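J.: Numbering (my numbering), first residue to last: 1 to 527.
Don't be surprised by glycine CBs; every beta carbon is placed ideally from N, CA and C.
As the structure is a computational prediction, the values presented were derived from the model and not from experiment.
One structure coming up, written as structure tokens, with questions to follow.
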Amino acid sequence: MKKGYVNFVLHSHMPFVRHPETRDSLEERWLFEAMSECYIPLIEVYDNLLKDNIKFRMTMSITPPLMSMLQDEYLNSRYLNYLKKTIELSEKEILRTKNNREENKVALFYNKRAENTLKIYEKYDNNLINAFRKYDRLGCVEIITCAATHALLPLILINRQAVKAQIATGVQSYINTMGHEPNGIWLPECAYTYGIDNILSEFGIKYFISEGKAIDYASPKPMYGTNTPIAAPSGVCAFGRDMDSSYQVWSDFMGYPGDFNYREFYRDIGFELPMEYIKPYINENGIRIDTGFKYYKITGNSGEKGIYNRENAMKKVWEHASHFASCRHDQINAAAANMDKPPIITCPYDTELYGHWWFEGPDFINAFIRKSAEDWTSYELITPTEYLKNNSMVQCSSPSPSSWGENGDYSVWINPSNHWVYKDIHKCEEIMVRLANSYINPSELQKRALNQAARELMLAEASDWSFIIKNNTTVDYAIRRINTHIDRFMRLYDDITKNTLEISELEKIEGMDNIFPKINYRIYADN
Numbered sequence: 001m002k003k004g005y006v007n008f009v010l011h012s013h014m015p016f017v018r019h020p021e022t023r024d025s026l027e028e029r030w031l032f033e034a035m036s037e038c039y040i041p042l043i044e045v046y047d048n049l050l051k052d053n054i055k056f057r058m059t060m061s062i063t064p065p066l067m068s069m070l071q072d073e074y075l076n077s078r079y080l081n082y083l084k085k086t087i088e089l090s091e092k093e094i095l096r097t098k099n100n101r102e103e104n105k106v107a108l109f110y111n112k113r114a115e116n117t118l119k120i121y122e123k124y125d126n127n128l129i130n131a132f133r134k135y136d137r138l139g140c141v142e143i144i145t146c147a148a149t150h151a152l153l154p155l156i157l158i159n160r161q162a163v164k165a166q167i168a169t170g171v172q173s174y175i176n177t178m179g180h181e182p183n184g185i186w187l188p189e190c191a192y193t194y195g196i197d198n199i200l201s202e203f204g205i206k207y208f209i210s211e212g213k214a215i216d217y218a219s220p221k222p223m224y225g226t227n228t229p230i231a232a233p234s235g236v237c238a239f240g241r242d243m244d245s246s247y248q249v250w251s252d253f254m255g256y257p258g259d260f261n262y263r264e265f266y267r268d269i270g271f272e273l274p275m276e277y278i279k280p281y282i283n284e285n286g287i288r289i290d291t292g293f294k295y296y297k298i299t300g301n302s303g304e305k306g307i308y309n310r311e312n313a314m315k316k317v318w319e320h321a322s323h324f325a326s327c328r329h330d331q332i333n334a335a336a337a338n339m340d341k342p343p344i345i346t347c348p349y350d351t352e353l354y355g356h357w358w359f360e361g362p363d364f365i366n367a368f369i370r371k372s373a374e375d376w377t378s379y380e381l382i383t384p385t386e387y388l389k390n391n392s393m394v395q396c397s398s399p400s401p402s403s404w405g406e407n408g409d410y411s412v413w414i415n416p417s418n419h420w421v422y423k424d425i426h427k428c429e430e431i432m433v434r435l436a437n438s439y440i441n442p443s444e445l446q447k448r449a450l451n452q453a454a455r456e457l458m459l460a461e462a463s464d465w466s467f468i469i470k471n472n473t474t475v476d477y478a479i480r481r482i483n484t485h486i487d488r489f490m491r492l493y494d495d496i497t498k499n500t501l502e503i504s505e506l507e508k509i510e511g512m513d514n515i516f517p518k519i520n521y522r523i524y525a526d527n
């Protein structure tokens, strides 16, 4: 008999990036890379587990922006072109590397992988949500929701209606896509503060995933730490991140992804091969970018890199998956000996770690699930919904304000580099509430403009932009996105209140920022 459970949670998120006005958008490639490297490989893992009759339970959040993009015909058309160019490059790489046996072996692997990616994509009618709906329906993967545009909720709670709108839209978007109400939610960046659980409860949410600190510093102090969920004052339960399992994957020093046999992320032919050869496969403006063709393994800390060997990497995958499963087995045994209920270890990660940053990540998940299904383990994989169904008596405690960001607080998303964004956002939130309260029976054109204003506000609120600014990556793009959405919002506000709306201008904005087709601006209205 199993003594406890492991709750393996993957958080799948991409900011809403859609640029039909641009022939070749660098930022749209964020989605395409994640589809090829993370989501489709995971779909293959799940399908093979089902084919082999391996019992498994996983939890996956798919944020509303990602759900929207994965179903968008325009983006799927561009992805298909991206994938076909990848296959074309893989065929050229087989020829280019024919005189280097080690490199040619890697090129052949990439070609087979790219063609298989296309087959899986077409199997689900060029819409990956079809696959995730299937797993959710079968009960092997519980799909949960997130705030509408991944806003850092504690930082907009100054306006309660803004948080309510984020949650309401996230829930409604999920229902529109999945066909039923969500039981759980991934709070963006696992960021929680007092009162957010009350809003979650209003919209039927039963549980959320939190940082371990939210449980460790909860009041009263939870009896079993993160080994069981706690019930917040509203009755909504919090499942706290287990730090031991987190460090084994995330740690820069001891994490599995840093093994020298795994693929090196930072060496890509897009930056290394002659321009005349690689030009058709990088940005059309000649900007060198990652192509996904990487021939080296991590090797070590020196500059010299050995050629990637897929077989050796797979040996390490199984070694690490066995170690991870063994650690969870020991952890459950130790916890269960001192508890009067079965412990649950919650292991949350970004989905994009598995496949993008850690190329072998989906293979690790496959190996871990298969190891977990073996008789020797003291645990079973479970979803939060199943755990709560079987263990309804949960300790009541108030989670501590926290996030899974650096320092366990909100400083990544509000600091001297990016604090300026909130002044304009809070101003727009106040305006949106006034509009929702004032326009109770608008004309059809006003209603469309009010709904679009709500979209623009939510897109400006996305935590991605302040995160990018703090980490000094694509800063210009992040600033441009914030300013664009604020400007569009203010223009709509002026036109609505001055009765100067022009349908052609509105249609232009609606065509670019077409997220949440069924949004209702009245979610911002005071109760």
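#1: Would you kindly work out how many angstroms separate the C-alpha atoms of Arg310 and Tyr135, rounded to a whole number?
#2: Report the CB separation of Arg263 from Glu360 in whole angstroms; it is logged as a contact under 8 Å.
#3: Going by beta-carbon coordinates alone, are Ile156 and His356 separated by less than 9 Å?
#4: Taking all protein chains shown into account, decide if Gly179 is buried (16 or more other Cβ within 10 angstroms of its Cβ) or exposed.
#5: Report the three-state DSSP secondary structure of Val141 (helix, strand or coil).
#6: Secondary structure at Thr226, three-state DSSP: helix, strand or coil?
#7: In this structure, what does DSSP give as the bridge partners for Asp358?
#8: Note down, one range per segment and in chain order, each alpha helix (DSSP H) of at least 4 residues found wholly within the region 180-204.
#9: Exposed or buried, Thr473, counting other C-beta atoms within 10 Å across all chains shown (16 or more means buried)?
#10: Let me check understanding here. Comparing Cα to Cα, which of Tyr39, Ile40, Thr149 lies closest to Ile515?
#11: Do Leu381 and Asn7 come within 9 Å of each other at the CB atom, strictly closer than that value?
#12: Tell me where the alpha helix (DSSP H) around Glu276 begins and ends.
#13: Tell me, which residues are paired with Leu381 by DSSP?
#14: Beta carbon of Ala107, beta carbon of Pro399: below 9 Å?
#15: If you drop the 5 nearest sequence neighbours on each side, which residues of the same chain put their C-beta closer than 7 Å to that of Pro528?
#16: For chain D, is any of its Cβ atoms less than 9 Å away from the one on Met490?
#17: Using the Cβ count rule (16 or more neighbours within 10 Å means buried), how would you classify Asn451?
#18: Is the Cβ-Cβ distance between Tyr5 and Ile332 less than 9 Å?
#19: Cβ of Phe260 within 9 Å of Cβ of Lys297?
#20: By Cβ distance below 6 Å, which residues in the same chain neighbour Ile282 in space, the five residues on each side in sequence not counted?
#21: Given a cut-off of 9 Å on the beta-carbon distance, is the pair Ile523 and Gln71 in contact?
#22: Express the C-alpha separation of Phe32 and Gly306 in angstroms, rounding to a whole number.
#23: Our contact map puts Cys237 next to Tyr217 with C-beta atoms below 8 Å; I'd like the distance itself, whole angstroms only.
#24: By DSSP, does Phe516 sit in helix, in strand, or in coil?
#25: Would you mind listing the alpha helix (DSSP H) stretches within the region 418-506 that are 4+ residues and don't spill past its ends, in chain order?
#26: Relative to the C-alpha of Thr291, which candidate in Asn53, Thr97, Glu88 has its C-alpha closest?
#27: When DSSP labels each residue in this structure, what does Ala373 get in the three-state scheme?
#28: Below 7 Å CB to CB, which residues in the same chain sit around Ala191 once its five sequence neighbours on both sides are set aside?
#29: Considering Ala162, what are the terminal residues of the alpha helix (DSSP H) in which it resides?
#30: Around the C-beta of Trp531, are 16 or more other C-beta atoms found within 10 angstroms, so that it is buried, or is it exposed?
#31: Counting only runs that start and end within the region 240-281, where is the alpha helix (DSSP H) found for 4 or more residues in a row?
#32: Figure out for me which residue from Asn527, Tyr121, Pro229 has the closest Cα to the Cα of Ile344.
#33: Around the C-beta of Ala321, are 16 or more other C-beta atoms found within 10 angstroms, so that it is buried, or is it exposed?
#34: Could you tell me how far apart the beta carbons of Trp564 and Ala367 are, in whole angstroms, since I believe they sit closer than 8 Å?
#35: What's the call for Tyr277, buried or exposed, on a 16-neighbour Cβ count within 10 Å?
#36: Just to confirm, is the Cβ distance from Ile369 to Val9 under 9 Å?
T.: Considering the structure as presented:
#1: 29 Å
#2: 7 Å
#3: no
#4: exposed
#5: strand
#6: helix
#7: The question names Asp, but residue 358 in the sequence shown is Trp. Per DSSP, Tyr354.
#8: 196-202
#9: exposed
#10: Thr149
#11: yes
#12: 275-278
#13: Val6
#14: no
#15: Here the chain comprises residues numbered 1 to 527, so residue 528 is not present and cannot be evaluated.
#16: Among the chains in the structure shown there is no chain D, since it carries only a single protein chain.
#17: buried
#18: yes
#19: yes
#20: Gly270, Arg288, Ile289
#21: no
#22: 28 Å
#23: At roughly 17 Å, the Cβ-Cβ gap does not stay under 8 Å, so Cys237 and Tyr217 are not in contact.
#24: coil
#25: 421-438, 444-461, 463-471, 475-498
#26: Glu88
#27: coil
#28: Leu152, Leu153, Pro154, Ser403, Tyr410
#29: 160-178
#30: Residue coverage of the chain in this structure runs from 1 to 527, which leaves residue 531 outside it and unanswerable.
#31: 243-250, 269-272, 275-278
#32: Pro229
#33: buried
#34: Since the first residue of the chain shown is 1 and the last is 527, residue 564 is not available in this structure.
#35: exposed
#36: no
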